Amino acid sequence: MAWSEGLRDPGQTRVAGIPRGHQVVLAGPGTGKTFVLVRRVENLVEVHGLNASRIACLTFTRAAAAEMRERLDARLGDVGRRVRVSTLHSFALRELLRAGASDIPDPVRVVGDWEERWVVVEELARVLNRKVREITNERGTGALDLLADDWESLAADNSGWEAGYPDPAFLGAWRRHRQVYGYTLRAELVYQLLCELRSNPEFEPGRGIDVLLVDEYQDLNRCDLDTVAMIAQRANAEVFAAGDDDQSIYSFRHAHPAGIRNFVHEFECSGRLTMTECLRCGPEIVDIANWLIQQEVDREPKELRSVTDWGAEVTLLRFSDQDSEADGIARIVDQEVQHGTPEEEILVLLRSDGRGQVSKLLDEHLVGHGHLVYLPRRSGDLDPGVQTLLEYLILCDSIARQDHIDDLALRSLLELEGRVGDQRRKAVVEFCVEGGVRFYPGICYLADHPEEYSSTGIATVKAECDAVIERAGELARRPDEDFTSWLGRVCDAAGLAGEALDDVRRVGDQILAEIELGPETDADAESSFVQELLAGMTNLGDTLPPKVPGNVTITTMHGAKGLSADVVIVLQVEDELIPGEAPQQRDEDEARRLLYVSLTRARKRLLIGACNYRSGPQAFAGTRQRTDRHVSRFIRDYGLRALTVTQYLSGRG
């Protein structure tokens, strides 16, 4: 197959076949960005004679990486499998595992979400005599969250950053605590890769890259951007970046549309291309989306154009309150299914869903009407059996290396399996933090010097640790065992079954598609595999399928990236929520972009919903309590006539 086969002229062909050199592609929603990126790789191999192993593709999520890998394999076969595809975090992890880093514990060990919440946060709160929410919280204002902010924004680079840190007690306690377990926070991975690139001129990330393709470039924060630039500079590689400033919606991790807007200034002799032919949304949906996004002053000028062969409907719905909203959505889904719309082609998007306060009510009504609902899970929903499995895999890896015991995995297993009481664990941790010793060596020392142990039963603690280590030794990967067989054996030993087993196998397969083709040694490959499996299961939403056959999908607007459906219902389009009480213009601009992303998920029917009144927990959806609600100012003047659900249903027959 020729690289240009099936491309739409002239836009897609021009982008995929552009001459070599730095390029940025501003690709609007539904314009076939991933499709064209794959064809760009094919063009580089077929026309320019580039070795596929010298092409690296960086994506924002593991699901996007898996999709890219699948498409490359389908188009290029064995050649496509030589292209390196990974998330930026995975790339950073593998490079740090290979080369190490001077500012983090060696060997590199990245913390998972469960470990961060129930070991790191809990123990730091005790050491500092603070509440858990002061260490980390959902609003991103805890001490760990603010530390991550400084890495992502590169504030940690500022002269005198450490001496002037506003919470020196936390910084000191965190550094002592990380030495006890030898961990690295996931939030600092890319920053540490950047530091290694800066400090080590011999460091060659990726061992030879000629072309670096970066997807969703608008989602990169300042640290990510500098890291990509340094990788390209060190490898003398060209950067082919794709994204859309209109879809930049992750300011909470310091991403900003200025990154993609300034590409041509950051990379010398670079070009800018646009893709504006929308193959997804009907013209009526594109019209309201264009009208909305063109209200942002600083955006790159471009206008999406629908090239679909179907018309579309855009409807504004008003609900009296959240109960009538949930009942109305169930009735609308009833009618859609009766008219032949598959349930998986119905997508419901929410602006805010703290603790499931909105999705739970919608789920109850939809299930009550006989519909299945797909709710992409959060990390907190990870099966305890899966977490135990992951900890044993990590401990197995450390034992196989014969240079250390993974203290964090050991500590986690003691809690997950209920082997050691809270007071005894606390006494060990206090001793280790104060003495600056690792967790398991500290236990071994205390077992020989019980008089220095502030609790009782240190011999029991030591015996339980040794039992866990012995079991991990039995589960360790055998010399003649491949990763798939090893993972299956450990899953069987852990008694994993059902959905949890399916999740582990799916994520494991995604990782193996990358790991076994990489340049790592066997030891590095094993460590990379188990740590990326931990990361993949921790961020399960990044690996989940976009939809499930026979299920209506409910997710947040931020979770809508990469999704599309024939029928999209965007709820909570209320001034109190979007934009809400945006303190600055940039916040209001991002709220507008978030709504733009949500509207452009729809192919044929777009329903925009707003309540007149929300009570109970839903009254708190927004910056402050507001029971009365108004249609968002973003669409108020577009000219849509509001309908009740009854009016809408009767109008459609």
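Count the sequence shown with this note's numbering and you get residues 148 to 800, in order. Glycine included, C-beta positions come from ideal geometry on N, C-alpha and C. Values in this document were obtained by computation on a predicted structure and should not be read as measured data.
- DSSP places Ser453 in the strand class (E or B) of the three-state scheme.
- Gln731 carries a coil assignment under DSSP once its states are collapsed to helix, strand and coil.
- If the five residues before and after Gln765 are omitted, its C-beta is found closer than 7 Å to the C-beta atoms of Gln469, Gln504, Val505, all from its own chain and listed in chain order.
- If you ignore the 5 residues before and after Glu351, its C-beta comes within less than 8 Å of the C-beta of Arg381, Ala382, all in its own chain and listed in chain order.
- For Asn698, the enclosing beta strand (DSSP E) starts and ends at 698 to 703.
- In the DSSP annotation of this structure, the continuous segment of the alpha helix (DSSP H) that includes Ser545 starts and ends at 531 to 548.
- Beta-bridge pairing by DSSP links Phe387 to Gln170, Leu360.
- For Gly175, there is no enclosing beta strand (DSSP E), since its DSSP letter is neither H nor E.
- Here Val255 carries a coil assignment [DSSP, helix/strand/coil].
- Note that the segment 714 to 731 does not touch the segment 265 to 285; fewer than 3 beta-carbon pairs, one per stretch, sit closer than 8 Å.
- Just measuring C-alpha positions, the residue of Glu299, Asp220, Tyr539, Arg273 sitting nearest Phe399 is Glu299.
- Residues of the same chain with a CB within less than 6 Å of the CB of Arg229, apart from the 5 flanking positions on each side, are Ala199, Ser200 in chain order.
- Positions of the alpha helix (DSSP H) runs, each at least 4 residues long and wholly inside the segment 446 to 507, are given as 469 to 485 in order along the chain.
- Here DSSP, grouped into helix, strand and coil, assigns Thr774 to coil.
- Under DSSP, Ala789 takes part in a beta bridge, and its partners are Leu463.
- In the DSSP assignment, the residues bridged to Ile755 are Leu463, Val717.
- For Cys428, the three-state secondary structure derived from DSSP is coil.
- Every alpha helix (DSSP H) of 4 residues or more that sits fully in the segment 213 to 256 is shown, in chain order, as 235 to 246.
- The alpha-carbon separation between Arg478 and Asp392 amounts to approximately 36 Å.
- Within the same chain, Phe387, Gly418 come within 6 Å of Gln170 by CB-CB distance, once the 5 residues on both sides are set aside.
- Here the C-alpha atom of Gly175 lies approximately 32 Å from the C-alpha atom of Asp481.
- Distance between Thr423 and Glu472, taken at the CA atoms: about 34 Å.
- Using a C-beta cut-off of 8 Å, the segment 682 to 702 makes no contact with the segment 727 to 742, since fewer than three inter-stretch Cβ pairs fall below that distance.
- Its Cα nearest to that of Gly709, the residue Thr178 stands out among Ile755, Asp569, Arg161, Thr178.
- Ranked by Cα distance from Leu561, the options Val255, Ser233, Glu262, Leu219 are led by Glu262.
- By the C-beta density criterion, His777 is exposed, having fewer than 16 other C-beta atoms within 10 angstroms.
- In terms of Cα proximity to Arg636, the closest of Thr703, Leu540, Gly227 is Leu540.
- Contact annotation, Leu336 with Cys204: C-beta distance approximately 18 Å; criterion of less than 8 Å not satisfied.
- Between the alpha carbons of Glu673 and Gly565 lies a gap of roughly 28 Å.
- Annotation for Gly406: the continuous alpha helix (DSSP H) segment containing it runs 405 to 408.
- Contact check between the segment 598 to 611 and the segment 620 to 636: fewer than three CB pairs, one atom from each, fall below 8 Å, which does not count as touching.
- Tyr795 and Ser467 have their alpha carbons spaced roughly 15 Å apart.
- In the DSSP assignment, Ala203 falls outside any alpha helix (DSSP H) and within the unbroken beta strand (DSSP E) covering 202 to 206.
- The beta-carbon separation of Pro489 and Ala459, rounded to 18 Å, does not stay under the 8 Å limit for a contact.
- Its Cα nearest to that of Ala547, the residue Glu621 stands out among Val584, Leu494, Glu621.
- Inter-residue distance for Arg256 and Ile356 is about 26 Å (C-alpha atoms, whole angstroms).
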